[in-house]
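Colleague: So the sequence lines, in the order shown, correspond to chains Y and Z. Just so we're aligned, residue 32 is where the first sequence starts under my numbering, counting upward by one. Just so we're aligned, residue 32 is where the second sequence starts under my numbering, counting upward by one. Dropping a structure here in structure tokens format, bear with me for questions.
Protein chains: 2
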Amino acid sequence: MTTSSWLTLLQENGYRLTEARRAVVETVQDSTHALTPLQVFDMARKKYPALGLVSVYRTLEKLEELHLIQRVHQPHGCQAFISAGSGHQHLLLCQNCGQVEFFEGDDLEALTNAIAQRTGYQIQEHWLQLFGLCRNCQ
Amino acid sequence: MTTSSWLTLLQENGYRLTEARRAVVETVQDSTHALTPLQVFDMARKKYPALGLVSVYRTLEKLEELHLIQRVHQPHGCQAFISAGSGHQHLLLCQNCGQVEFFEGDDLEALTNAIAQRTGYQIQEHWLQLFGLCRNCQ
DNA sequence: ATTGATATTGAAAATCAATTTCAATAAAAA
DNA sequence: TTTTTATTGAAATTGATTTTCAATATCAAT
Chain Y
32 MTTSSWLTLL
42 QENGYRLTEA
52 RRAVVETVQD
62 STHALTPLQV
72 FDMARKKYPA
82 LGLVSVYRTL
92 EKLEELHLIQ
102 RVHQPHGCQA
112 FISAGSGHQH
122 LLLCQNCGQV
132 EFFEGDDLEA
142 LTNAIAQRTG
152 YQIQEHWLQL
162 FGLCRNCQ
Chain Z
32 MTTSSWLTLL
42 QENGYRLTEA
52 RRAVVETVQD
62 STHALTPLQV
72 FDMARKKYPA
82 LGLVSVYRTL
92 EKLEELHLIQ
102 RVHQPHGCQA
112 FISAGSGHQH
122 LLLCQNCGQV
132 EFFEGDDLEA
142 LTNAIAQRTG
152 YQIQEHWLQL
162 FGLCRNCQ
């Protein structure tokens, strides 16, 4: 998905297009790494120095609401965000450089059914994340 | 694992046995729900009213270090802890009441191998968590 | 038992990210 | 243009976590 389409989507949902938003959207969308709000702030300020940290939080909130970005959980903290893959996808994270890859491969139906049976739980959602080292960091 | 063996383990690792620690350890170990430090504080204070919040943080830190408890990641925040299962286990969380069940069932080898091949990543670790409603909360 | 070294304590202060408040400003509609 | 109102950044506030510190409790060595 292109940057402009994220902006269009924001607009279609009744939000205005501003320089602050543009800078945040471009930053998050261009990144292949999970970024914390503070990291987004530092990077986006290079594009638009007047940017305030508050606007970063507010824009991330809206992007998450529109499912354009998703929260990334890591062993130490879970306040990082990455552009959301389309459809149901899982994450593969490089533990060294933080690069994120998406993958599909949902063969978990059999597993979840078995667990549901055994535990009596009604299962609604699942998370699958892999951690490792990317080609460059090995 | 019994409460006393956690305390023994703390002692064997050079930590002293105190009332504050006893109260925190008992609270965390008796719980089938993921608890935040504040929840642990409130519950443990019933056993030992002089307890300070700082000691809760410090004890949780040590228990995590000894792999007796593990951090639980949830869609909204990941500052809750639960007694660690023994061996490699996955979590099933009730989204309503917060109850935690452990399950095994590691049929992910084939999947991770395929992903490693495709992406060039060297995969080291994986997370699998299921979310749903327990029998009581349905 | 008593003592001494020191790990641990809780209170208070400090830190840090995240949220709220607010008057000024900018975007989009009229 | 003019008007409406969403959005802004700065500052204040919140709330969780961490640090500091003198007092205390634990445990090893007598």
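Backbone N, C-alpha and C define an ideal beta-carbon position, used for all residues, glycine too.
1. Rank Z:95, Z:75, Z:93, Z:140 by C-alpha distance to the C-alpha of residue 62 of chain Z and give the top, closest one.
2. Is the CB-CB distance between residue 155 of chain Z and residue 169 of chain Y below 7 angstroms?
3. Pick from Y:105, Y:78, Y:110: whose alpha carbon is nearest that of residue 161 of chain Y?
4. Please give the ranges of any alpha helix (DSSP H) in the region 41–100 of chain Y, keeping only runs that are unbroken, at least 4 residues long and fully inside the region.
5. Quick one: does residue 163 of chain Y have its CB under 7 angstroms from some CB of chain Z?
6. Do residue 113 of chain Z and residue 134 of chain Y come within 7 angstroms of each other at the CB atom, strictly closer than that value?
7. Taking C-alpha atoms, which residue in Y:138, Y:118, Y:85, Y:141 lies nearest to residue 100 of chain Y?
8. Less than 7 angstroms between CB atoms is the rule here; does residue 88 of chain Y satisfy it with respect to chain Z?
9. So, are the CB atoms of residue 170 of chain Z and residue 84 of chain Z less than 7 angstroms apart?
10. Provide the residue(s) that pair with residue 163 of chain Y in DSSP beta bridges, ordered along the chain.
11. Take residue 165 of chain Z and list the residues in its own chain whose beta-carbon comes closer than 8 angstroms to its own, dropping the five residues that flank it on each side.
12. To which residues of the same chain is residue 110 of chain Y closer than 6 angstroms at the C-beta, ignoring the five residues directly before and after it?
13. Return the CA-CA distance between residue 77 of chain Y and residue 56 of chain Z, expressed in angstroms with no decimal places.
14. Residues in its own chain within less than 7 angstroms of residue 98 of chain Z by CB, not counting five upstream and five downstream?
15. Less than 7 angstroms between the C-beta atoms of residue 50 of chain Y and residue 79 of chain Y, yes or no?
16. Return the chain-ordered list of same chain residues with a C-beta closer than 8 angstroms to the C-beta of residue 102 of chain Z, the five sequence neighbours on each side being excluded.
17. What residues match up with residue 120 of chain Y in a beta bridge as DSSP calls it?
18. Answer yes or no: does any C-beta atom of chain Y fall closer than 7 angstroms to that of residue 132 of chain Z?
Modeller: A quick look at the data gives this:
1. Translated into positions along the second sequence, residue 62 of chain Z becomes position 31. Of all alpha-carbon atoms in Z:95, Z:75, Z:93, Z:140, the one lying nearest the alpha-carbon of residue 62 of chain Z is that of Z:75.
2. By one-based count along the second sequence, residue 155 of chain Z stands at place 124. By one-based count along the first sequence, residue 169 of chain Y stands at place 138. No.
3. Residue mapping note: residue 161 of chain Y aligns to position 130 of the first sequence, counting from 1. Checking every option, the nearest Cα to that of residue 161 of chain Y belongs to Y:105.
4. For the region 41–100 of chain Y, whole alpha helix (DSSP H) runs of length 4 or above, ordered along the chain, are 50–61, 68–78, 84–96.
5. By one-based count along the first sequence, residue 163 of chain Y stands at place 132. At a cut-off of 7 angstroms between C-beta atoms, residue 163 of chain Y counts as an interface residue with respect to chain Z.
6. For this step, residue 134 of chain Y is matched to residue 103 along the first sequence. For this step, residue 113 of chain Z is matched to residue 82 along the second sequence. Not in contact: residue 134 of chain Y and residue 113 of chain Z (Cβ atoms no closer than 7 angstroms).
7. If you number the first sequence from 1, residue 100 of chain Y lands on position 69. Ranking the options by Cα distance to residue 100 of chain Y, first place goes to Y:118.
8. If you number the first sequence from 1, residue 88 of chain Y lands on position 57. Output row for residue 88 of chain Y: interface = no.
9. Because chain Z spans 32 through 169 in this model, residue 170 of chain Z falls outside it and cannot be assessed.
10. By one-based count along the first sequence, residue 163 of chain Y stands at place 132. In the DSSP secondary-structure assignment, residue 163 of chain Y is bridged to Y:125, Z:154.
11. For the purposes of this step, residue 165 of chain Z is taken as residue 134 along the second sequence, with counting starting at 1. Within the same chain, Cβ atoms closer than 8 angstroms to the Cβ of residue 165 of chain Z are found at 125, 127, 128, 130, 132, the five residues on either side in sequence being excluded.
12. Position 79 of the first sequence holds residue 110 of chain Y. Excluding sequence neighbours, residue 110 of chain Y sits near 67.
13. One-based indexing of the first sequence puts residue 77 of chain Y at position 46. One-based indexing of the second sequence puts residue 56 of chain Z at position 25. Computed Cα separation, rounded: 48 angstroms.
14. To locate residue 98 of chain Z, count along the second sequence from 1; it is residue 67. Taking C-beta separations shorter than 7 angstroms and ignoring five residues to either side along the sequence, the partners of residue 98 of chain Z in its chain run 115, following chain order.
15. For the purposes of this step, residue 50 of chain Y is identified with residue 19 of the first sequence, where counting begins at 1. For the purposes of this step, residue 79 of chain Y is identified with residue 48 of the first sequence, where counting begins at 1. Against a cut-off of 7 angstroms, the Cβ pair of residue 79 of chain Y and residue 50 of chain Y comes out as a contact.
16. Your numbering for residue 102 of chain Z matches position 71 in the second sequence. These residues qualify, in order along the chain: 95, 109, 110, 111, 112.
17. Looking up residue 120 of chain Y in the first sequence gives position 89. The partner list for residue 120 of chain Y (beta bridge, DSSP) is empty, contrary to what the question assumes.
18. The residue you call residue 132 of chain Z lines up with position 101 of the second sequence. Yes - at least one Cβ of chain Y is within 7 angstroms of the one on residue 132 of chain Z.
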